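Reading through the structure tokens given below for one structure.
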């Protein structure tokens, strides 16, 4: 699907962009991979790792609509990974979060439509489901924008979908590198926000593979949610700091006790497949009839029971301390 195609990744110098680029180069023969981001140092560092002839590095900000339109010229597929993601930072800098996560999403949509991009997948987050923090609220707004874009495009070819998943093992800004640094510095205890807290857990490669597969599955308008395990925060701390005490420090601004990926209020729009869920649009697409029960790969799904909710606290699959440790070695 990606052979001889041009793929652009916004926010491409992040953890996801690195792994996605590596995977594309290993499995396909793309015509171009365009890394679009605003940090010149991170682009320089990424160029040292990926200097193949198909690689392109484009300095720009998703807040800049004209720059995006220029970057999207002759692009086939877009992965929108650029976002302001740190929950406390968003709470203290709300307008900056809104400009990047909402206005930036709108700019990506406009640039994709103008340039007749084939398919766009936006990376979402479990925090967008029943959000209680600004980051989650802006990503929910972004999800709605990308869903509605399938109407905005009119008779154009561009299709838009989103992928929603949980915490990524070892990604920049996650708690795992923080724990590892504390342990390396000789810490005698690890900070725990709350002993009952749970989170969804996925490796970076699993996230990349899920996005790749959904480019094949998508018809437009779906929010794809993988079936992934949960972890207890106390087990996570035990996996990395065996024998260390746990210091309860309290929940940070905007944090939840458990994360949700498929809210109960969306159960009448949620379809279950073998290894994932799809939250279908609540709006109708004019002139387009979509059967989301059979995707573009001919996989068949069924509607979940009324009131069904997929959240990290009631998940049927929790990782043990040993499994968390093993997963980290694969990350």
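Residue numbers (our numbering): 1387 to 1717. For every residue, glycine included, the Cβ atom is placed at its ideal position computed from N, Cα and C. Treat the numbers as computed from the prediction; the structure is a model and nothing was measured.
Identify every residue that forms a DSSP beta bridge with residue 1686. DSSP, once it has assigned bridges, lists 1680 as partnering residue 1686.
Decide if residue 1618 is buried, meaning its Cβ has at least 16 other Cβ atoms within 10 Å, or exposed. Around the beta-carbon of residue 1618, 16 or more other beta-carbon atoms lie within 10 Å, marking it buried.
Considering Cα atoms alone, identify which of 1545, 1600, 1514, 1472 is closest to residue 1557. Ranked by Cα distance from residue 1557, the options 1545, 1600, 1514, 1472 are led by 1472.
Taking all protein chains shown into account, do 16 or more other C-beta atoms lie within 10 angstroms of the C-beta of residue 1431, making it buried, or fewer, making it exposed? Classification of residue 1431: exposed, given that the 10 Å Cβ count is below 16.
Is it the case that the segment 1585 to 1592 contacts the segment 1525 to 1541, given that we only count it when at least three CB pairs across the two stretches are under 8 Å? The answer is no - the segment 1585 to 1592 does not touch the segment 1525 to 1541, with fewer than three Cβ pairs under 8 Å.
Would you mind working out which of 1634, 1426, 1423, 1463 sits nearest residue 1392, comparing C-alpha positions? Nearest option by C-alpha distance: 1463.
Where DSSP assigns a beta bridge to residue 1402, which residues make up the other side? For residue 1402, no pairing in a beta bridge is given by DSSP.
Tell me, to the nearest whole angstrom, how far the beta carbon of residue 1515 is from that of residue 1646; I am working on the premise that it is less than 8 Å. About 4 Å separates the two Cβ atoms, so the contact holds.
What does DSSP give as the partner residue(s) for residue 1473 in the beta ladder? Its beta-bridge partners do not exist; DSSP assigns none.
Please tell me whether, using a cut-off of 8 Å, the distance from the CB of residue 1521 to the nearest non-hydrogen atom of the ligand FAD is below it. No copy of the ligand FAD occurs in the structure displayed, which carries no ligand at all.
Can you name the start and end residues of the alpha helix (DSSP H) that residue 1428 belongs to? Unbroken alpha helix (DSSP H) run through residue 1428: 1426 to 1435.
Status (buried if at least 16 other CB within 10 Å, exposed otherwise) for residue 1700: A residue is called buried once 16 or more other Cβ atoms fall within 10 Å of its Cβ, and residue 1700, having fewer, is exposed.
Assign residue 1541 to buried or exposed, taking buried as 16 or more other Cβ atoms, counted over all protein chains shown, within 10 Å of its Cβ. Looking at its Cβ environment, which holds fewer than 16 other Cβ atoms inside 10 Å, residue 1541 is exposed.
What three-state label does DSSP hand residue 1493 in the structure shown? Residue 1493 falls in the helix class under three-state DSSP.
Taking the C-alpha atoms as reference points, what is the distance between residue 1443 and residue 1474? Whole-angstrom Cα-Cα distance: 30 Å.
Are the beta-carbon atoms of residue 1424 and residue 1446 separated by less than 9 Å? Against a cut-off of 9 Å, the Cβ pair of residue 1446 and residue 1424 comes out as a contact.
Mind checking whether residue 1507 and residue 1604 have CB atoms under 9 Å apart? In contact: residue 1507 and residue 1604 (Cβ atoms closer than 9 Å).
What are the uninterrupted segments assigned as beta strand (DSSP E) that are 3 or more residues long and contained completely in the segment 1508 to 1586, given in chain order? If you keep only unbroken beta strand (DSSP E) runs of at least 3 residues inside the segment 1508 to 1586, you get 1545 to 1549, 1575 to 1578.
Indicate the three-state DSSP secondary structure (helix, strand or coil) for residue 1347 in the structure shown. Outside the displayed range of the chain (1387 to 1717) lies residue 1347, so it cannot be described from this structure.
Taking its Cβ as the centre, do 16 or more other Cβ atoms sit within 10 Å of residue 1610, making it buried, or is it exposed? Looking at its Cβ environment, which holds 16 or more other Cβ atoms inside 10 Å, residue 1610 is buried.
Taking DSSP as the reference, what is the three-state secondary structure of residue 1480? Secondary structure at residue 1480: helix, using DSSP grouped into helix, strand and coil.
Pair within 9 Å by beta-carbon distance, residue 1520 and residue 1575: With respect to the 9 Å criterion, residue 1520 and residue 1575 are not classified as neighbours on the basis of their beta carbons.
Might you give, ordered along the chain, the residues of its own chain that have their beta carbon closer than 7 Å to the beta carbon of residue 1662, omitting 5 neighbours on each side? Answer for residue 1662: 1610, 1611, 1612, 1613, listed in chain order.
Just the Cα atoms here: how many angstroms apart are residue 1476 and residue 1419? When rounded, the distance between both Cα atoms is 30 Å.
Short Cβ contact (9 Å threshold) for residue 1396 with residue 1488: Against a cut-off of 9 Å, the Cβ pair of residue 1488 and residue 1396 comes out as no contact.
For the beta strand (DSSP E) that residue 1619 lies in, which residues bound it at each end? Per DSSP, residue 1619 is not a residue of any beta strand (DSSP E); the alpha helix (DSSP H) it occupies stretches across 1619 to 1626.
Where DSSP assigns a beta bridge to residue 1443, which residues make up the other side? For residue 1443, which the question treats as bridged, DSSP gives the partners 1421.
Burial state of residue 1693, where buried means 16 or more other Cβ atoms lie within 10 Å: Around the beta carbon of residue 1693, a 10 Å sphere encloses fewer than 16 other beta carbons of the protein chains shown; the residue is thus reported as exposed.
Can residue 1664 and residue 1608 be called in contact, C-beta distance under 9 Å? Yes, these two residues count as a Cβ contact at 9 Å.
Is the CB-CB distance between residue 1551 and residue 1584 below 9 Å? It is not a contact, given that the beta carbons lie outside the stated cut-off.
Residue 1482 versus residue 1450 - alpha carbon distance: Taking the straight line joining both Cα atoms gives about 14 Å.
Through-space distance from residue 1549 to residue 1624, alpha-carbon basis: Residue 1624 and residue 1549: Cα-Cα distance of roughly 30 Å.
Taking all protein chains shown into account, decide if residue 1696 is buried (16 or more other Cβ within 10 angstroms of its Cβ) or exposed. Classification of residue 1696: buried, given that the 10 Å Cβ count is 16 or more.
State the Cα-Cα distance for the pair residue 1687 and residue 1672, rounded to the nearest angstrom. Those two C-alpha atoms are separated by around 24 Å.
Proximity below 9 Å, CB of residue 1572 to CB of residue 1467: Cβ distance not < 9 Å, so residue 1572 and residue 1467 don't count as in contact.
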